[in-house]
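Worksheet: one structure, shown below.
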Amino acid sequence: MSKPPIQIDLQPPVGDWADTSPEFRKGSWCYSATPQNLVQLGMPNPRQWQPSDLDWKLPENWKKTILDGMKERLAKFRSFRLFMDICVRCGACSDKCHFYLGSGDPKNMPVLRAELLRSVYRRYFTLTGRIFGSLAGARDLTEEVIKEWFYYFYQCTECRRCSVFCPYGIDTAEITMIGRELLNLIGCNINWVLDPAANCYRVGNHLGIQPHSLKDNLEFAADELEEITGIRVDIPIGKKGAEVLFVAPSADYFATPHYYTLLGYLALFHEIGLDYTFSAYASEGGNFGLFSSHDLMKRLNAKMYEEAKRLKVKWILGGECGHMWRVIHQYMDTMNGPASFLEVPVSPITGTRFDNARSTKTVHIAEFTADLIHAGKLNLDPRRNDRWKVTYHDSCNPSRAMGLLEEPRYIIRNACNHFYEMPENTIREQTFCCGSGSGLGTDENMEMRLRGGFPRATAVRHVKETHGVNLLACICAIDKATLPTLLDYWVPGVEVAGVHELLGNALVMKGEKTRATDLRGEPIPAVEQEAAHA
Amino acid sequence: MRERVLIGTGLALFLALFTYPVWWAAASGTRAAAPQLQLPQHASACVAPASFMRASHMQLLSSWRNDAVRRGVHKFRSPDGRVYDVSLSGTCLGQCHSKAEFCDRCHAYSGVSTPSCWQCHNDPQLAARSIQ
Amino acid sequence: MRNKAVFALIVAVIPACAGAALSNLPSLRLPLAATVSYAACAFFLAGICLRVLRWASIPVPFCIPTTCGQQKSLVWIRPDSLDNPSSGLGAAMRMGGETLFFRSLFRNTRCQVANTRAIFTESRWLWMGAIAFHWALLVIVLRHLRLFVQQVPASVLLLEKIDTLFQVGIPGVCISDLVLLAGLSFLLGRRFADPVLRYISLFSDYLALWLLAGVAATGLLMRHWSRVDVAGVKQFSLGLATFSPVLPHNLGSLFFAHLLLVCALVAYIPSSKLMHMAGVWLSPTRNLANNSRAVRHVNPWNQPVVTHTYAEWEAEYRDKLKEAGIPLEETDVEATYSN
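Chains as they are written, first to last, in the working numbering: chain A, 1 to 534; chain B, 535 to 666; chain C, 667 to 1005.
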């Protein structure tokens, strides 16, 4: 036993929250962004520092910068001003946040997370706050407050679960986004957000995989797929005039278990004969700009339309990724559109016109594949997934910022024989975050990640105990990267897979050899049985 | 643009609803006058002081009802020592007041729902006599 | 925390005391009562309009509805047109559900953690308390129209009739009053009893509730205990409505306490969290249709940003792209130079 197990106590302390300040305990915060990354992105106050330092080396006029920044944003985002004004502290949100449920830290209640900002708003931007001060819930902006903002705005994954329950729809994601934007103005940011962002900006993807390595990775995937299926797939990169530009989160190219999902995409695209292309320039669907500022989000996202235009494709297909779809669905067209150079997406195989994407011209792969299955264009053998008892984890953004709920379930039901839902309060729009979203999935933040992922894990444990579930399917790259660690801690024995991995397993390709293994290279029991019967 | 129209309409509606008493009063020529009550010609005092009766006549009538029906008490001694029959029809309506010209005026003016008293104690003959 | 509640109570008692004191100033009571009433109304109406206009003047840069159901995508998947509206009409219906029935609050669950397990239980208490309080308040405000409108509308009389359906007491006890009291007691009680609520509650949260409680208490006392001359009250309120204030002499201290508490409450609304009554309509996570991929949402300030263009990127990685056999955009620049 190396570490004591995580203890959770939801009893709030006595006293006034405004008088407490966070303790930067190891395991509950993320390292600061390196000066190189700040320089590369042209962001202010690059320096060496860590949140555990006493002196954060804030710029001299930091206070004015923050207040000016608030003023600017209060005039630019109605959501911000409104959410500062109308909260009644009814407490409906309090036990909806996974970080609160996992940590018991009252400032992780969405209402108090927002009050951290609201108290400063009252002090400097409202008459009552200026006159009555703390009586009106107002607080002076001090360096302690900045530290507190940093601690708690990087303990929010912008998952929007609280917003589902708020009677006014107050969305802590908006508040955290603004809070982080403000912190960025004085150089208080974390490396796990800005390193991927800088890489994405310069090279094209989060890990900074250069074009030739990307090509190697994809070729390697083709080799592996050939080994499993006996079919050689062609993987075009930067092919001009292709019908579809395919953009996936870059983790799919190399990380486990994302990689098996990539194999699933490749098998699918080959099987249906899709005329598509990857791009080395826009090789990242994810957008860590979303976790930093609206501007950075726009800067990173601009590549997708620019590349689609350059390659003269007709429309864009997006892979399995959570926050990428928040950006595509709610921001891309507004920020970088209109995409008049593209056409309304039509599935070349089924002829289905995706009217719901007629303006962005970007289709989610779960929509695309569900349509293929519904039209009977795929030959699926769900028995190949029989070793899995599957549950489905709705990723925050596709569920609460899009409503993509049935499409992935439809695919899973067609690709697997054993599918079990987690309890109602933990799926669909009420889904719980993995606890590592919005750039918090770094190892130095492990305790907080495990705490934040606790509600999700406990729901998984429930279906494991009741149905013997051993696989959690999802459509988010951050889920795939961080849920294995989380489940190992809370529910050992449950693995994580992308929906298109399951599809790739079940997909019977024309001319394929008898598959001995699934996409993970592990034996397929159903095949073994068939062989035994023969 | 559409949003501005919506917000503008919403605000206009809000103002219209909350100022309803003002513009309605202006439109209908309402005056802030007290209701015109026909007062008895031959009686100078009520069974209790007028200020008490204005606010609490229903309490008095209620206790009269209890006295007469449950306790068999049929006489009421007023604060100034006079004695009355405990009877809405006989005393109040029979000797002094017209329901239509007195009770109803005030009740209608203030929007106080008609009490269930009138279901029994509303004798048109008495009412007619009182006006003479 | 407790002293916030106590202090708020003290502050809320001030208008009541001021009212009681005012009623004993024969020469000043009319001018002061009228001035305070007009000022409070002006504050209320102008304040709400200004705040709404201020919100309205701020753009909604992005289409950010919180989707609480299936999106409209493929024709054979049934969309949840109420919780994930894809049209303006759907969004309007969603807003109706929020404002009339508090749908989001209705979803409320309670989550407890025990033995590293999260246990969810349905929790409709807050919803019940909130909806009881708000609807009762609406009914009570509408019932008060009988005091402000001459020729009381039949609908108001009917409302009163229904409200006193049980015919208990003289004058009859109103159902709405009881419901309001129950709702208020619940909303206030949970701020005392629930440690989480106690921790997050601010002075202003208590103040609003105490003011409402004060208004309700004085109103009920006037109706059922000390009893006010209703015709006199109506004369006063009609006087206000016709801008020719009169004040019958028999309106006592309880009436003035009620009046000043109401004035304090309505004047407080625009500068307080009670603005949620207007703000909820403008909430961009609720009032927008989730159709941002079908219809472009325009951001009026969509500010230009520095991007890493394809040309810059290709220039940086030309060799590697060439080596990997990835097609290039520009013709071989080096070859051009060497010529």
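Ideal Cβ positions, reconstructed from N, Cα and C, are used throughout, including at glycine. Computed from a predicted structure; not experimentally measured.
message = Against chain D, with Cβ distances strictly below 7 Å, would Met402/A count as a contact?
response = Among the protein chains in the structure shown, which are A, B and C, there is no chain D.
DSSP-derived helix/strand/coil call for Thr458/A = helix
request  = For Ser292/A, I'd like the list of residues in its chain whose CB is within less than 7 Å of its CB, leaving aside the five on either flank, ordered along the chain.
outcome  = Arg180, Asn184, Asn189, Val193, Leu194, Ala197
message = Can you confirm whether the region 955 to 969 of chain C touches the region 343 to 360 of chain A when touching is taken to mean that 3 or more C-beta pairs between the two stretches lie within less than 8 Å?
response = yes
message = Between the alpha carbons of Glu271/A and Met509/A, how many angstroms are there, rounded?
response = 6 Å
message = Can you confirm whether Asn968/C, when its beta carbon is compared against all beta carbons of chain B, has any partner nearer than 7 Å?
response = no
task = Decide if the region 134 to 150 of chain A is in contact with the region 8 to 28 of chain A; the criterion is three or more beta carbon pairs, one per stretch, under 8 Å apart.
result = yes
Short CB-CB distance (under 7 Å) between Met592/B and chain C = yes
ask   = How about Thr543/B: is its C-beta nearer than 7 Å to some C-beta of chain C?
value = no
ask   = If Tyr201/A and Leu300/A are in contact, beta carbons under 8 Å, what's the gap, nearest whole angstrom?
value = 6 Å
task = Pick out whichever of Trp490/A, Glu444/A, Leu519/A has its Cα sitting closest to the Cα of Ser52/A.
result = Glu444/A
inquiry  = Does any residue of chain B have a CB that is nearer than 7 Å to the CB of Thr908/C?
reply    = yes
task = Might you give, ordered along the chain, the residues of its own chain that have their beta carbon closer than 7 Å to the beta carbon of Ser119/A, omitting 5 neighbours on each side?
result = Ala18, Gly137, Ala138, Arg139
task = Please determine if the region 728 to 739 of chain C and the region 932 to 942 of chain C are in contact, where contact requires at least 3 C-beta pairs separated by less than 8 Å.
result = no
task = Indicate the three-state DSSP secondary structure (helix, strand or coil) for Ile724/C in the structure shown.
result = coil
ask   = Is any beta-carbon of chain B found at less than 7 Å from that of Cys715/C?
value = yes
key: Beta-carbon neighbours of Met941/C, restricted to chain A and to distances below 7 Å   = Asp85, Ile86
task = Return the first residue and the last residue of the beta strand (DSSP E) that His364/A is part of.
result = 362 to 364
ask   = So Tyr154/A is in the beta strand (DSSP E); what residue range does that whole segment cover?
value = Counting along the chain, Tyr154/A falls outside any beta strand (DSSP E), and DSSP gives it neither H nor E.
ask   = Would Met941/C pass as a contact of Ile131/A if the rule is Cβ separation under 7 Å?
value = no
inquiry  = Taking only three categories from DSSP, how would you classify Lys63/A?
reply    = helix
inquiry  = Does Ala577/B pass the burial test, meaning 16 or more other C-beta atoms within 10 Å, or should it be called exposed?
reply    = exposed
inquiry  = Does Glu343/A come out as helix, strand or coil in the three-state DSSP assignment?
reply    = coil
task = Determine the DSSP secondary structure at Asp638/B, reduced to helix, strand or coil.
result = helix
query = In whole angstroms, what is the alpha-carbon distance linking Leu545/B and Phe799/C?
reply = 24 Å
message = Against chain A, does His974/C count as a neighbour if the rule is that its beta carbon must be under 7 Å from one of theirs?
response = yes
inquiry  = Just checking: is the beta-carbon of Val539/B within a distance shorter than 7 Å of some beta-carbon in chain C?
reply    = no
ask   = Whose C-beta lies closer than 8 Å to the C-beta of Pro523/A among residues of the same chain, with five residues either side of it excluded?
value = Ala516, Thr517
key: Per-residue contacts from Cys166/A into chain C (C-beta, under 7 Å)   = Ser770
message = What would DSSP say about Lys609/B, mapped onto helix, strand or coil?
response = strand
task = Compare the C-alpha of Tyr281/A against each of Lys513/A, Asp252/A, Gly204/A and name the closest.
result = Gly204/A
Exposure label - Thr701/C; buried when at least 16 CB within 10 Å = exposed
ask   = At a Cβ threshold of 7 Å, is Glu764/C touching chain B?
value = no
ask   = Who are the neighbours of Thr951/C on chain B, taking C-beta pairs under 7 Å?
value = Within 7 Å Cβ-Cβ: nothing; Thr951/C doesn't reach chain B, min ~15 Å.
ask   = Where does Asp749/C fall in DSSP's three states?
value = coil
message = Using a 10 Å radius around the Cβ and a threshold of 16 neighbouring Cβ atoms, would you call Glu115/A buried or exposed?
response = buried
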